[in-house]
Amino acid sequence: MRAGAALALLLAAAFGLGCALLPGAERGVGADRRIVDDALRAAERDPAIARGRLAAFLRTHPGSPLFDDAALALAQLERAAGDEAGAESTLRAALARQPRGDRTDAVRVELADLLVARGASDAAWVEAQRVRLGLVRDSERPRAARLVAELARAHGDRRAEALALARLRDETPAEGAAGYDAEIGRALAELPTPVLLQVAEGLGARPSAALVWLEIGERAEREGNRALAIRAFARAERATLTPSDGARLERLGADLEGRAAPGGLADAPPRLRDVDGELPLADTDELSGAIGVVLPLSGPFGSVAEQTLRGVLLAAGVYGRGASADVVAAEEAAPAGGLRVVVRDSGGTAAGAAEAVRALAAEPDVRAVVGPLLTEEVQAAADAAQETGLPLLALTRHESVVRPGAGVFRLALTRRMEAESLAEYAVGSRGLRRIAILYPKDDYGREFEELLWQAVEARGGRVVGVAGYVPGGRDLAAPIRSLVGWSLLSEDQRARLAARDAELARAAAAGTLPAAGAAATAAGAGLAPATARGAQPLSGAGFAVTDPDANELPPIVDFDALFVPDAPDMVGALVPQLAEQGVDGVVLFGPSAWHHPALLRDGGTRLEGAFFTSSFDAAHPAALVQEFDRRYASAFGEEPTVFAAQGFDAANLVALQLARGASDRESLRRSLLATELYPGVSGPTTFDPDGNARKRPFLLGVASGGLVSLE
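Each residue of the sequence shown is one higher than the last, beginning at 355 in this note's numbering.
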């Protein structure tokens, strides 16, 4: 083939300009298309003629939608002829004329490549950063991705390099994709974990996302952040894996199994019902020293902090002082000759928490610190405790705050504990084997979605539907519809459903609705109710709940239970919308965030049979819980809360170690680590060697309009 003909075919294939150039193909329609095609055909005989015709087209047709196509082809011909200055001028004219054309991104790729060839790397990087690889044609994308990756590496932008290489990997046949792993790995290794998470989420379901999640999981496992490692493992496990990805996933899974799992139920202590006995209390009047407390007493979390402090005061034997405000004002309280409580307000900030821990560490008789509560505070407080050698009992779910030998202990439930307990009860005890998940698209919701999915399938159940929604959004119709089959409908099926619903609405308004559809929703609800499923066609309507091929149409409720990891007010907003969308007869369940009076107030009778986890069950029949309730109510005139129970257990653990002879901070740390099966009011507790607590959540259910213990 002559050089001119080869160049013409190359241009036609690259720019999509002239299927008429290929033998037997139909010529493109429109005058502009014919002009451009004729110009490119001329390249078979004389590229100079083609350049002249394309240049003339650009001069005479500046408003043509093919301006960028023609400019791209002309620039390619100009570069082939050695006229790089002319090519650059042509490409920049295209960007100025059509900054949002369908070939704008290909124009930028060509311009960046030209600038690299001319030694203008910085100018090339400016153009490359604006290239949207997803809008570049498939045949051109590998070249474009490689160019962007190389420029990103040269300019130190590892994130852009990783994204471009990931795109390149995804465009490569499976047998060759692993060839990019080392190159991508080097780019990922230099990114901080928060940026890696952004990259992984940005890649979505593309195969390269697995590679990023594996990097996150391996890094988190090395750093002891088990919750993140498990989350990353779950995301990678559900992705499309190459053989090398699969091998890495197996190794990560083995590492996670080989390490103690404080966040799960494996080797967790028994339930409180199985270890019930007397409430273990030390004689604090006979003890010396002090317990430090660091809590966000001022600010929006002051009420929660006050409840926690009251639990500490009860354990320390500080009664009869009225509200704990007396303690806050004096920053210290003590029964005569007994164990003291020294309180510091963190102000709800990391700096405040660290400063408070250091101040308490400077007081020789402070043996340990209870708190703080908030995520931002806990890490800073843990760092300060490690620096000063002061044992810290953090009321947090984050396992990563503990460090072997550092004297930092984590007491609160983890999300993994909750997810596994919920799955164990749902699948094992209730026989709810088909689970759907409706979650907010934030870190909290995503982590619970992944952990619950993993826990359900580990117990033989199946997650049959998953949908997310914007956090805080009250209109949940769209995600509910995706759970009951709407996203899989054809246009014809959607039209038949709309006609059916309109007929149901008309029949309801006229009072002629058949019995099977008596509970039909009003027009605009969008779906007939579940009670209409299986009904006969309406008189004169001809529409039942199946399409002409006898396929069942939505709502198709193929799940037994629905997990919703969100606050009680969102559950209250969800319940009526489930009914409106025809979702009936499913059991709702959720995490400990549900344990709030608003749950029953907002959810009403539709929550009958629902269940959730909690860190404390004030109505639990165990004698030690009832004794704690009585003592707390006597001291403070109110029922204890979850936060009061956690504060009590933390301080009581310290007091018990002091009563057993732990006379200084180091001996107290060793004594706490040796704790096995402490019968706490927030659940039996055992510490792992790294300071993470193992415990089981309480389970509460909704029955007859009230809360009941499910133990």
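We put the CB at the ideal spot given by N, CA and C, even for glycine.
As computed with DSSP, N1046 is found in a beta bridge with R764. Along the length of the region 372 to 455, whole alpha helix (DSSP H) runs at least 4 residues long occupy 385 to 396, 401 to 414, 421 to 434 and 438 to 451, reported in chain order.
Counting every other CB atom within 10 Å of its CB across the protein chains shown gives A987 a total below 16, marking it as exposed. Proximity to A964 across L858, G1055 and L727 peaks at G1055, based on C-alpha coordinates. The shortest CA-to-CA distance from S783 to any of Q483, G761 and G814 is the one to G814. By the neighbour-count criterion, in which 16 or more other beta carbons inside 10 Å mark a residue as buried, T959 falls on the exposed side. Sequence-distant partners of R472 (beyond 5 residues in either direction) whose C-beta falls short of 7 Å from its own C-beta, in its chain, are E438. A915 is bridged by DSSP to I789 and V941. Taking the C-beta atoms as reference points, D459 is found no nearer than 8 Å to R433. Here I834 is near V937, since their CB atoms are less than 8 Å apart. In this structure, I570 lies near A554, with their beta-carbon atoms less than 8 Å apart. Counting along the chain, Y823 sits inside the beta strand (DSSP E) bounded by residues R816 to Y823. Ranking A659, V647 and A713 by CA distance to the CA of V695 puts V647 first. For the set A1004, F1052 and L550, the Cα lying nearest the Cα of Y1032 is the one of A1004. In the three-state reduction of the DSSP assignment, V723 falls in the strand class, which pools E and B.
Under the 10 Å beta carbon count, T414 is surrounded by fewer than 16 other beta carbons and is classified as exposed. Inclusion of A738 and A748 in the CB contact set at 8 Å is not warranted, their separation being larger than that value.
Spatial neighbours of L489 in its own chain (CB-CB distance under 7 Å, excluding positions within 5 residues in sequence) are listed in chain order as D459. Taking all protein chains in view, the Cβ of P909 is crowded by 16 or more other Cβ atoms within 10 Å, so the residue is classified as buried.
R788 sits close to D912, with the two beta carbons spaced by under 8 Å. Runs of the alpha helix (DSSP H) lying entirely within the region 963 to 1046, each at least 4 residues long, are 977 to 990, 996 to 1013 and 1019 to 1027 in chain order. Around the Cβ of A385, a 10 Å sphere holds fewer than 16 other Cβ atoms; the residue is exposed. G1060 sits in a strand when the DSSP states are folded into three classes. Under the three-state reduction of DSSP output, I645 falls in the strand class. Straight across, the Cα-Cα distance linking A586 with A601 is about 15 Å.
Judged by DSSP in its simplified three-state form, L651 adopts coil rather than helix or strand.
With fewer than 16 neighbouring CB atoms inside 10 Å of its own CB, S1058 falls in the exposed class. If the five residues before and after Q931 are omitted, its C-beta is found closer than 7 Å to the C-beta atoms of L830, A831 and I834, all from its own chain and listed in chain order. Note that the C-beta distance between L649 and S700 is below 8 Å.
Residue environment analysis places E857 among the buried positions, since at least 16 neighbouring C-beta atoms fall within 10 angstroms of its C-beta.
Under a 10 Å Cβ-count criterion, T768 is classified as buried, with 16 or more other Cβ atoms of the shown protein chains found around its own Cβ. Approximately 6 Å separates the beta-carbon atoms of G944 and P919; this is inside 8 Å, confirming the contact. If you draw a straight line from the Cα of W479 to the Cα of E464, it comes to about 12 Å.
Following the DSSP letters along the chain, one finds L550 inside the alpha helix (DSSP H) bounded by residues T547 to L557.
A straight line joining the alpha-carbon of D524 with that of G440 spans about 35 Å. Taking a C-beta distance under 8 Å as the contact criterion, L942 and L916 qualify as a contact pair.
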